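Have a look at the structure below, then the notes.
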Amino acid sequence: MKQILLAVLALGALTACAGEPAKPNMNSTNKTELATLGGGCFWCLEATFELLPGVKAVTSGYAGGQSPNPTYEQVCGGDTGHAEVVQIEYDPATISYAKLLETFWEVHDPTSLNRQGNDAGTQYRSIILYHDDAQKQAAEKSKVEEQKKLSRPIVTEIVPLKKFYAAEAYHQDYFRNNPTKGYCQVVIRPKVDKVQKKLKAEKH
Numbered sequence: 009m010k011q012i013l014l015a016v017l018a019l020g021a022l023t024a025c026a027g028e029p030a031k032p033n034m035n036s037t038n039k040t041e042l043a044t045l046g047g048g049c050f051w052c053l054e055a056t057f058e059l060l061p062g063v064k065a066v067t068s069g070y071a072g073g074q075s076p077n078p079t080y081e082q083v084c085g086g087d088t089g090h091a092e093v094v095q096i097e098y099d100p101a102t103i104s105y106a107k108l109l110e111t112f113w114e115v116h117d118p119t120s121l122n123r124q125g126n127d128a129g130t131q132y133r134s135i136i137l138y139h140d141d142a143q144k145q146a147a148e149k150s151k152v153e154e155q156k157k158l159s160r161p162i163v164t165e166i167v168p169l170k171k172f173y174a175a176e177a178y179h180q181d182y183f184r185n186n187p188t189k190g191y192c193q194v195v196i197r198p199k200v201d202k203v204q205k206k207l208k209a210e211k212h
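Below, the structure is given as structure tokens:
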């Protein structure tokens, strides 16, 4: 579904380079940390995590595979081993890694193997790529707690991050730049609305 919607867009983005840094945060400091998560289409995760207070930047990209500098087309082919992921720069003084994981579980189905809705393939697998032992322990603990709420087994991988590759420029801020596109309205908008509703409730 998503690949078809991107066909025309991709033709106009030939100058974009995979692995090229995207959306640099010029105001970042040593106080920020990184989290790397995958749960289906990276457009969805990007749009939802950008809503969270304490999140400084979210970059769509690829990780978890073996091929260096993958392109979107290569990842979609399923041979690179990479998943679509987002890398989140956040202020741990404002939002914890555990809190990020709460949103992660809420905005995708962690019991669906290599699939989220109509997006199917290993590139859409549920995956947590930890940056250090503290994140690994937090992820494993969070997974155990989330499993208690679900009747089906969680299939989310928890693996160390080896390398993150930023996706092509036209993937960045996709929902923000294309809010009226069919995929954005049908697939991404409900996830965004869900997070916004929760944030509003937490303020009261």
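Sequential numbering of the sequence shown, starting at 9, is according to this note's numbering. No residue lacks a Cβ here, since even glycine has one placed at the ideal position from N, Cα and C. What you are looking at is a predicted structure, and each value in this text was computed from that prediction instead of being measured.
TODO: Classify VAL83 as buried or exposed, calling it buried when 16 or more other Cβ atoms lie within 10 Å of its own Cβ.
DONE: buried
TODO: Take THR56 and list the residues in its own chain whose beta-carbon comes closer than 7 Å to its own, dropping the five residues that flank it on each side.
DONE: THR111, VAL115, LYS199, VAL200 and VAL203
Task: Residue range of the unbroken alpha helix (DSSP H) whose run includes ARG111 - done: The sequence shown places Thr at residue 111, rather than the Arg named in the question. Per DSSP, THR111 belongs to the alpha helix (DSSP H) from 105-114.
Open item on the list: Please report the straight-line C-alpha distance between ALA18 and GLU97, rounded to a whole angstrom.
Closed with: In this prediction, ALA18 has a pLDDT of 43, which is less than 50 and means its spatial position is unreliable; what the coordinates show is noted afterwards. Cα to Cα, the separation comes out at about 27 Å.
Task: Meets three-Cβ-pair contact criterion under 8 Å: the region 130-137 and the region 40-52 - done: yes
Open item on the list: Report the start-end ranges of each alpha helix (DSSP H) in the region 143-208 that is 4 residues or longer and not cut off at the edges.
Closed with: If we require 4 residues or more, the alpha helix (DSSP H) runs fully inside the region 143-208 come out as 182-185.
Open item on the list: Using only the alpha-carbon positions, how far apart do ALA101 and ALA65 sit?
Closed with: 15 Å
Task: HIS179 burial status per 10 Å Cβ neighbour count (16 or more: buried) - done: buried
- [ ] Answer yes if the region 163-177 comes into contact with the region 115-125, meaning at least three C-beta pairs across the two stretches below 8 Å, and no otherwise.
- [x] By the Cβ criterion, the region 115-125 is in contact with the region 163-177, since at least three pairs of Cβ atoms, one from each stretch, lie closer than 8 Å.
TODO: Taking 9 Å as the cut-off, decide whether the C-beta atoms of VAL167 and CYS52 are in contact.
DONE: no
Open item on the list: So for GLY85, helix, strand or coil by DSSP?
Closed with: helix
Task: Closer than 9 Å to chain B by CB, HIS179 - done: Of the chains in the structure shown, none is chain B; there is only one protein chain.
- [ ] Take ALA174 as the anchor and find which of SER104, PHE50 and ASP141 has the nearest alpha-carbon.
- [x] The option with the nearest alpha carbon to ALA174 is PHE50.
TODO: Ignore the nearest five residues each way along the sequence and tell me which others in ALA147's own chain have a CB closer than 6 Å to its CB.
DONE: ILE136, TYR138 and ILE166
Task: Per-residue DSSP class, three states only, for LEU60 - done: coil
- [ ] Using three-state DSSP, classify ASP117 as helix, strand or coil.
- [x] The answer is coil: DSSP assigns ASP117 none of H, G, I, E or B.
Task: Residue nearest to VAL63 in terms of C-alpha spacing, selected from GLN95, GLN131 and HIS90 - done: GLN95
Task: Endpoints, the beta strand (DSSP E) within which GLY129 is located - done: Here GLY129 belongs to no beta strand (DSSP E), and DSSP marks it neither H nor E.
Open item on the list: Rounded to the nearest angstrom, what separates ASP87 and ALA209 at their Cα positions?
Closed with: Taking the CA atoms as reference points, ASP87 sits about 43 Å from ALA209.
- [ ] Pull up the distance between the alpha-carbon of SER36 and that of PRO78, whole angstroms please.
- [x] Because the pLDDT at SER36 is just 44, under 50, the model does not fix this residue reliably, and the value given afterwards should be weighed accordingly. SER36 and PRO78: Cα-Cα distance of roughly 26 Å.
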